[in-house]
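Under our numbering, think of the first position of the sequence shown as 4, with each following residue one higher. From the three backbone atoms N, C-alpha and C, an ideal C-beta is built for every residue, glycine too. A quick note: this is a predicted structure, and the numbers were derived from the prediction, not measured. Take a look at the structure below.
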Amino acid sequence: MSLLTMILKMSEGLGKTCAIFFLTLLFSLPLGMIVALLRMSKVKLVSAVTRFFITILRGTPLMLQLLAVTYGPYYLFGANVARNKLIPVVIAFSINYAAYFAEIYRGGIESIPIGQYEAAEVLGYTKLQTFLRIILPQVIKRIMPSVTNEVVTLVKDTSMAFTVSYQEMFTIGKQIANSQTSFMPFLVAGVFYYLFNAIVDYMMGRIEKRLNYYK
Numbered sequence: 004m005s006l007l008t009m010i011l012k013m014s015e016g017l018g019k020t021c022a023i024f025f026l027t028l029l030f031s032l033p034l035g036m037i038v039a040l041l042r043m044s045k046v047k048l049v050s051a052v053t054r055f056f057i058t059i060l061r062g063t064p065l066m067l068q069l070l071a072v073t074y075g076p077y078y079l080f081g082a083n084v085a086r087n088k089l090i091p092v093v094i095a096f097s098i099n100y101a102a103y104f105a106e107i108y109r110g111g112i113e114s115i116p117i118g119q120y121e122a123a124e125v126l127g128y129t130k131l132q133t134f135l136r137i138i139l140p141q142v143i144k145r146i147m148p149s150v151t152n153e154v155v156t157l158v159k160d161t162s163m164a165f166t167v168s169y170q171e172m173f174t175i176g177k178q179i180a181n182s183q184t185s186f187m188p189f190l191v192a193g194v195f196y197y198l199f200n201a202i203v204d205y206m207m208g209r210i211e212k213r214l215n216y217y218k
């Protein structure tokens, strides 16, 4: 198989890799905020349960979570394995990354001085207005470097989908490598991931600069 043919064949899986990436961000970013707020709840039971949920997701391999979400319903309830494996893959990725984003959000929220809340209360802001108009914009600015790091990691983690035989780019490259007994497909995959990460890093850097409005 020529190099060009190999690249073209692997590029067929690039769209699925991008689908995992963008859908995971779409669901995990807002879910992470919900989890963070539950983690910070003054109701001890809610906070404890959420903390336990986070420790499970952060303390177990993403690969194991992918297998559990994809095949768990079959072994536990006899349900059919999803025909479109993109659904369980995105679910597993989303809840995993939501746990990491939740801790990032929590750190950002707790870093805001209490005086910000007191000033907003004096000005007559409600708790929701205070959070949305005063706290959240500052939190977003502070957590951007950490979020960028997780987003870059997500690009590489999309290759984990091969564990459930989802035909994304790395899975196709692995199949070609096995059939051709060649390491070249892995090098091609490495270049793909590097370029993808370079684009993501550039875009996130642009967003960070836009948020540095005091510089």
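Closest in C-alpha terms to D204, from the list V49, M147, P33 and F186, comes M147. Straight through space, the alpha carbons of K12 and I179 are spaced by roughly 9 Å.
Approximately 4 Å separates the beta-carbon atoms of G176 and A192; this is inside 8 Å, confirming the contact. The three-state reading of DSSP puts S149 in helix, counting H, G and I together. With the rule of 3 Cβ pairs closer than 8 Å, the stretch 143-157 does not count as touching the stretch 61-80. Under the criterion of beta carbons closer than 8 Å, I107 and V72 do not qualify as touching, at roughly 23 Å. In this structure, DSSP gives Y120 a helical state, which the three-state scheme calls helix. With respect to K19, Q170 sits close: the two C-beta atoms are nearer than 8 Å. L157 is not a Cβ neighbour of Y77, given a cutoff of 8 Å.
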